[in-house]
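S.K.: My questions will all concern the structure given below.
Residue numbers (our numbering), protein chains in the order written: chain A, 30 to 299; chain B, 97 to 381.
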């Protein structure tokens, strides 16, 4: 009796210690993001946390800076095109992937996620040479291809996960009622995977919006994406405008994650 | 719906083309580039040579940088595992709204750009930043620490970048362990520590192994973090490579550096997989 009471007391200590540890680890995860958002709201002249008074002046400053705004617009445009193109290609590839079976299916799956598994640096270096050879070096189109490639796995994984939820019996029923393959896709499968498709597009957009290394190497002449513009800004002038710029991209990510949660639920997303 | 093989390949074609033309081909191209002679007006010459490899392998400086990159990534991976395991454990036990909230906390760094997060650490680690202030308030240090542009901060920021990549596979593996198994071993008198050591840890290994490999591979080649937080004093392979490619336009030499780095990484991953193969088999049995 006494021993069990002792272990129980010990367990409570362990539990408390574990709770503190977990809390500290989550703080670690969230600290940089919270700090940036805080620093962007400062009324002072320096990047600091906690902020000196509250104001939105550095957001005004951000939108008054042509180079940063141009970067934002370019990132938004490239991200939007990336989202549309990748989700279309990934939808097709996911349908193909699902029809495969056995070892081939596993290899296909691995191949489709390759841009995520191979370091961005290697892909970027390879693309730099390749685009130069096919005379797309330092062009927006070249950069666009790089972003589509790097964001493709996110769309593929999301759509494949959604396709798995569709029971095969539905397809069979639809086919036995005389629907063509295209009709089955458009009227049965597509409506069921739309949330997954949207999630893939959102993840592809966010990923494209955040890419740095590949954009640095494939940077088009006279064009900057927001992360590139932000890096330059951080190196030459360390002002709270940078925190405002970073907060804008954080808000975009949070909006994206929120949207995904609304559409499919985060637990299923990963 | 898809009885014909042709249709399957037609659907897969755009994706296969994308991956082949814009990834496989360029990376093979890089291997070829690393054997080119340096160019005078172009970034590379027409002839082939192995001089770039002999230059790298014959120069202690490059060995030093390579060693620093490989060991730093190892340190990052180890710390990342230590930080991620409790989080993954906690996450795998959560249900309902709490689980959604925790997923959001873990996914939010994944969904914010590396540059943005590194910038966050710049503010946190500044001389009069919140980290120094709180350490001084707690009486742990007397004077603010100079953290910016040190290797420690690079490691800290990289751990932060890669935590989600480690948490998610481990979480999946932990979720696959049947609750009844841990209960059974506890009911047979095993202490919590014993249950963890003999049941949970071995069974979660199929999540640990891919997490460790992925984080190591990505950490070795991480560019942004050392470039922003590492300062000018210390070089890592990725900063060196990008410097050769964009600064001095030595494309063949930069490629050779990238290939030396990749081969070393692959070698380490193969050795690691071999060494841990048994552990993985045990978990499957």
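For each residue, glycine too, the CB sits at the ideal point set by N, CA and C. Because the structure is a prediction, the values reported are computed rather than measured.
Can you tell me where the alpha helix (DSSP H) with residue 321 of chain B in it begins and where it stops?
M.R.: 320-325
S.K.: Just to confirm, is the Cβ distance from residue 353 of chain B to residue 329 of chain B under 9 Å?
M.R.: no
S.K.: Taking the beta carbon of residue 115 of chain A as the centre, do at least 16 other beta carbons fall within 10 Å, making it buried, or is it exposed?
M.R.: buried
S.K.: If distances are taken between C-alpha atoms only, which option among B/213, B/133 and B/180 comes closest to residue 260 of chain A?
M.R.: Per the C-alpha coordinates, the member of B/213, B/133 and B/180 positioned closest to residue 260 of chain A is B/213.
S.K.: Against chain B, with Cβ distances strictly below 9 Å, would residue 229 of chain A count as a contact?
M.R.: For residue 229 of chain A, the closest Cβ of chain B is not nearer than 9 Å.
S.K.: With distance defined between alpha-carbon atoms, name the residue in A/190, A/235, A/145 and A/175 nearest to residue 101 of chain A.
M.R.: A/235
S.K.: For residue 288 of chain B, write down the residues that DSSP places opposite it in a beta bridge.
M.R.: Bridge partners of residue 288 of chain B: none, in fact.
S.K.: Answer with yes or no whether the minimum CB distance from residue 148 of chain B to chain A is below 9 Å.
M.R.: no
S.K.: At the 9 Å Cβ level, is residue 122 of chain A part of the contact set with chain B, yes or no?
M.R.: It does; some Cβ of chain B falls within 9 Å.
S.K.: Answer yes if the region 189-199 of chain B comes into contact with the region 281-299 of chain B, meaning at least three C-beta pairs across the two stretches below 8 Å, and no otherwise.
M.R.: At 8 Å Cβ cutoff, the stretches do not touch.
S.K.: Assuming the contact rule is C-beta atoms closer than 8 Å, residue 8 of chain A and residue 317 of chain B should be a hit. Round their C-beta distance to whole Å, please.
M.R.: This structure cannot settle anything about residue 8 of chain A, because the visible part of chain A is limited to 30 through 299.
S.K.: Counting only the same chain and skipping the five closest in sequence on each side, list residues whose C-beta sits under 7 Å from that of residue 232 of chain A.
M.R.: 183, 184 and 187
S.K.: Of the residues B/174, B/359, B/298 and B/130, which one's Cα is nearest the Cα of residue 259 of chain B?
M.R.: The candidate whose alpha carbon is nearest that of residue 259 of chain B is B/174.
S.K.: Taking residue 427 of chain B as the reference, which of B/340, B/304 and B/203 has the closest Cα?
M.R.: Lying before the first or after the last residue shown, residue 427 of chain B is absent from chain B, which here runs from 97 to 381.
S.K.: Taking 8 Å as the threshold, find out whether the region 262-272 of chain B comes into contact with the region 177-190 of chain B through three or more Cβ pairs.
M.R.: Yes, they touch.
S.K.: Counting only runs that start and end within the region 95-177 of chain A, where is the alpha helix (DSSP H) found for 4 or more residues in a row?
M.R.: Runs of the alpha helix (DSSP H) inside the region 95-177 of chain A: 95-128, 131-141, 143-146 and 149-162.
S.K.: Should residue 290 of chain A be flagged as near chain B, meaning a C-beta pair shorter than 9 Å?
M.R.: yes
S.K.: Does DSSP put residue 54 of chain A in a helix, in a strand, or in coil?
M.R.: Residue state for residue 54 of chain A is assigned as helix, using DSSP reduced to three classes.
S.K.: Could you work out which residues of chain B lie near residue 141 of chain A, taking near to mean beta carbons separated by less than 8 Å?
M.R.: 111 and 115
S.K.: Residue range of the alpha helix (DSSP H) that residue 225 of chain A falls in?
M.R.: 219-239
S.K.: Rounded to the nearest angstrom, what separates residue 239 of chain A and residue 264 of chain A at their Cα positions?
M.R.: 18 Å
S.K.: DSSP has residue 88 of chain A in a bridge; who is on the other side?
M.R.: Looking at the DSSP assignment, residue 88 of chain A forms no beta bridge with any residue, so it has no partner.
S.K.: Using 9 Å as the threshold, is the C-beta distance between residue 272 of chain A and residue 245 of chain B below it?
M.R.: no
S.K.: Which of the residues in the region 68-83 of chain A, read from start to end, lie with their CB under 8 Å from any CB of chain B?
M.R.: 68, 76, 77, 78 and 79
S.K.: Under 6 Å Cβ to Cβ from residue 312 of chain B, same chain only, skipping five residues before and after it: list those, please.
M.R.: 169 and 173
S.K.: So, does the CB of residue 215 of chain B fall closer than 9 Å to a CB anywhere in chain A?
M.R.: Yes, its Cβ sits closer than 9 Å to a Cβ of chain A.
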